[in-house]
Structures are given as structure tokens and as C-alpha cells.
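Participant: If you scroll down you'll find the structure; I have some questions about it.
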């Protein structure tokens, strides 16, 4: 496929992972506040507070690890692509042979890569969500699309 690694996974950009960690940290703070109030009001053992904080912190750290090392936004192979973790992406998976054209757009000033499908639907990927250079990504996707459309359909 023109020297491109296949299958390939495009991971979540570190800045986007950090944005997703914010609500998790707020939830951890609310957990600590709630547990502290519960322990103070009911006379429960303070160990409950320590255990709750430890479990909450472990959950936040696990989420951070998953976002940084396992979470992916786009997965491509010779047959097609799949998208996840993008709200409003449109069609989440399709074969390259179903793609009519690719373009770039900037709705609301957000640079996006758009795959227009033959059935009139589309997939819109905000490029800033990906841990990849924008121009390199667009070139890679155009080469993948060209190579994928040359594949013979399964009969």
C-alpha cells in the first residue's frame, strides 16, 4: 500500500487526552469531598476515606494510561477505516471503495479531514484530535484512499 503501514492506528493527541482527564479529576475531587463529609457526619472510620481516595486515584491514573497508550481515534487497513472517540464524526466505518472523495474543511475554525461516501454520508475527523502532523495525515489518507480504491471488490 504505497509504503504505508497497514493496518495502522492513529492515537489520540496528548492535548485531547489532557482535556478528557479534566472531568475525571473533577469527579475525583467530588468523591473526596463527599467521602470527607460522609466520614465527618456519620463517624465512620477515616480508613474509608483513605480507601475511597486510593480507588479514585487509581481509576484516574488508569484512565490517563488508557487515553495515552491504548485509546485510538482512527484505525485504517487495506479494506477501509473505523473511527471512535469523535462525537459527530458521521459515518464511523466504511470501506475505501465506498468513499467518493476526500477533502479538508474548517467548520467553526476547526481543521477537519472529510471523507465523502457514495451514499451521500460522510466522515468528518477533526485533525487536532490525532497525534499526527496535519499535512502528513492528509497526504497519508489520500494515498490510502487511492490504494484502497484500486482493490477489487469481494464477489
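In my numbering, the protein residues as written are 60 to 214.
All C-beta atoms, glycine included, are put in the ideal place defined by N, C-alpha and C.
In this text the structure is predicted, and so the values were computed from the model without any measurement.
1. Pair every Cβ in the stretch 78-96 with every Cβ in the stretch 104-116, then say whether three or more of these pairs are closer than 8 Å.
2. Does residue 74 come within less than 7 Å of chain B when only Cβ atoms are used?
3. For the stretch 95-110 against the stretch 162-175, do three or more pairs of beta-carbon atoms, one drawn from each stretch, fall closer than 8 Å, so that the two count as touching?
4. Report, in whole angstroms, the separation of the C-beta atoms of residue 141 and residue 151, which I expect to be a contact under 8 Å.
5. For residue 154, name the three-state secondary structure that DSSP assigns.
6. Answer with buried or exposed for residue 106, where buried requires no fewer than 16 other C-beta atoms within 10 angstroms of its C-beta.
7. What does the alpha-carbon distance come out to for the pair residue 185 and residue 109?
8. Rounded C-beta distance between residue 207 and residue 139? I'm assuming under 8 Å.
9. In the DSSP assignment, find the alpha helix (DSSP H) that holds residue 111 and state where it starts and stops.
10. Going by beta carbon distance, what residues of the same chain come within less than 8 Å of residue 196, once the five residues before and after it are set aside?
11. Do you know how far the Cα of residue 125 is from the Cα of residue 67?
12. Within the continuous alpha helix (DSSP H) that includes residue 98, where are the two ends?
13. From the DSSP secondary-structure annotation, give me the bridge partner or partners of residue 162.
14. How many Å lie between residue 145 and residue 79 at the Cα?
15. Could you pull the start and end residues of the alpha helix (DSSP H) that residue 134 belongs to?
16. Using the DSSP secondary-structure output, state which residues sit across from residue 70 in a beta bridge.
Facilitator: With the given structure in hand:
1. yes
2. The structure shown contains no chain B, having only a single protein chain.
3. no
4. 6 Å
5. strand
6. exposed
7. 41 Å
8. 7 Å
9. 106-128
10. 69, 172, 186, 189
11. 18 Å
12. 73-101
13. 173
14. 12 Å
15. First-last for residue 134: 131-135, but that is the beta strand (DSSP E), not the alpha helix (DSSP H).
16. 131
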